[in-house]
Amino acid sequence: MRCLREKLQQANQQLDRNYPEPKLVYQQRGTAAGTAWMDSYEIRLNPVLLMENQQTFIDEVVPHELAHLLVWKHFGRVAPHGKEWKWMMEAVLGVPARRTHKFEVQSVRKNTFPYRCRCQLHQLTVRRHNRVVRGEAEYRCVQCGDLLKADATTSCN
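Here it is, written out as structure tokens:
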């Protein structure tokens, strides 16, 4: 809460605004460290990942999610990690603009399904795997751009 309040005060001073304090909820599940919910103006944090990565979480995740809310208040609907969000992170909040965390997630990962691209093995969540099976989604590797295919040579975790 202290970090959230300090970063919000910093943003309000720099932007010459008086944005309200968002609600902070500790019920984010899965491998996401946190999410920002515009409609309810709240930040949801993963309590397990917070306890396992306290300082990095406070230094990076809290400002990351706050930046999403501030961008929404300041600019309206824009790309989630676009130039406005990057500007808010770096110029206003003074935090490096990283889109994803690098926390170890074994403790929060449930059943996963192995998928391959040409460069590595990926573990898709049950939800993403089911969307692939139903033909509702396709996923690509962010490294090589290859379409992920179910890996028959490996079993589920």
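Counting in our numbering, the final residue of the sequence shown is number 164, and the numbers go up one at a time with none missing.
Beta carbons: idealized from backbone N, C-alpha and C, even for Gly.
| Asked | Found |
| --- | --- |
| Going by C-alpha distance, which of V112, Y33 and D158 is nearest V139? | D158 |
| Expressed to the nearest angstrom, what Euclidean distance is found between the alpha-carbon atoms of H136 and R24? | 43 Å |
| Looking at the C-beta of V85, does it have a partner C-beta in chain D at a distance below 9 Å? | Although the question refers to chain D, the structure presented lacks it and comprises just one protein chain. |
| Quick one: grab the DSSP three-state call for E143. | coil |
| From what residue to what residue does the beta strand (DSSP E) around Q130 run? | L128 to T132 |
| Are there 16 or more other CB atoms within 10 angstroms of the CB of Q20, so buried, or fewer, so exposed? | exposed |
| Give the DSSP-derived three-state secondary structure of A86 in the structure shown. | coil |
| Please report the straight-line C-alpha distance between L56 and E72, rounded to a whole angstrom. | 15 Å |
| From L76 to P29, what does the alpha carbon distance come to, in whole angstroms? | 8 Å |
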